[in-house]
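Chemist:
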Amino acid sequence: MGNSLMYTTVLSQIYRTHLDPRIGYLHETNQRSFSLNLDIAEIFKPLIVDRVIFSLINKGQIKIEHFDEDIEFSYLNEKGRQIFIKAFEEKLFTTIKYKNLGNVSYRKLIRIECYKLYKHFLDEEIYKPFIAEW
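Be aware that the sequence shown starts at 111, since it is given in the working numbering, and climbs by one per residue.
The structure is reproduced here in structure tokens:
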């Protein structure tokens, strides 16, 4: 669920640029599906999705009762999904210090990454991916 939310979030930021979401650089490019959002999401999944998961578990906000089981797998039930989505959205609005821009939200940071790629494709600047400072 977290990765799906991340892919959708990145795709929404790609749509705010002039990038074509069907043309990726890591995942296979396909005219019928999007790959660029998968590529950009790889940068942010550890920062956003993984941290949300660990935080919810460590704080006891997601518990065993938030899961349903099937024969072969477990999945978040409706209450668990609500908790996860709320925490994910809150994380997107969390701000961090970023270079010369000061505090920016993770959502805006994703859009900045899209624009950096766009400028690279226009030969305006060399692409330097965002690297988290742990």
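Glycine included, C-beta positions come from ideal geometry on N, C-alpha and C.
Nothing here was measured: the structure is a model prediction, and the numbers come from that model.
Does the beta-carbon of Q192 have 16 or more other beta-carbons within 10 angstroms, so that it is buried, or is it exposed?
Modeler: Under this definition Q192 is an exposed residue.
Chemist: Ignore the nearest five residues each way along the sequence and tell me which others in T204's own chain have a CB closer than 7 Å to its CB.
Modeler: Excluding sequence neighbours, T204 sits near S215, Y216.
Chemist: Grab me the residues of R221's own chain with a C-beta within less than 7 Å of its C-beta, minus the 5 sequence neighbours each way, in chain order.
Modeler: Excluding residues within five positions, the ones whose Cβ falls inside 7 Å are Q123, R126.
Chemist: With 16 as the cutoff for other CB atoms within 10 Å, does G190 come out buried or exposed?
Modeler: G190 comes out buried.
Chemist: State whether the region 175–183 contacts the region 148–155, with contact taken as three or more CB pairs (one from each stretch) at a distance under 8 Å.
Modeler: No: the two stretches stay apart, fewer than three of their Cβ pairs being nearer than 8 Å.
Chemist: According to DSSP, I206 sits in a beta bridge with which residue or residues?
Modeler: According to DSSP, I206 bridges with V214.
Chemist: Over what stretch of residues does the alpha helix (DSSP H) that includes Y117 continue unbroken?
Modeler: Residues 112–124.
Chemist: Could you give the distance in angstroms between the alpha-carbon of F231 and the alpha-carbon of L115?
Modeler: Distance between the alpha carbons of F231 and L115: 26 Å.
Chemist: Would P131 pass as a contact of N113 if the rule is Cβ separation under 7 Å?
Modeler: The answer is no: Cβ separation not under 7 Å.
Chemist: Using 7 Å as the threshold, is the C-beta distance between I174 and K201 below it?
Modeler: For I174 and K201, no; Cβs fall outside 7 Å.
Chemist: Going by DSSP, which residues form a beta bridge with D178?
Modeler: Bridge partners of D178: Y185.
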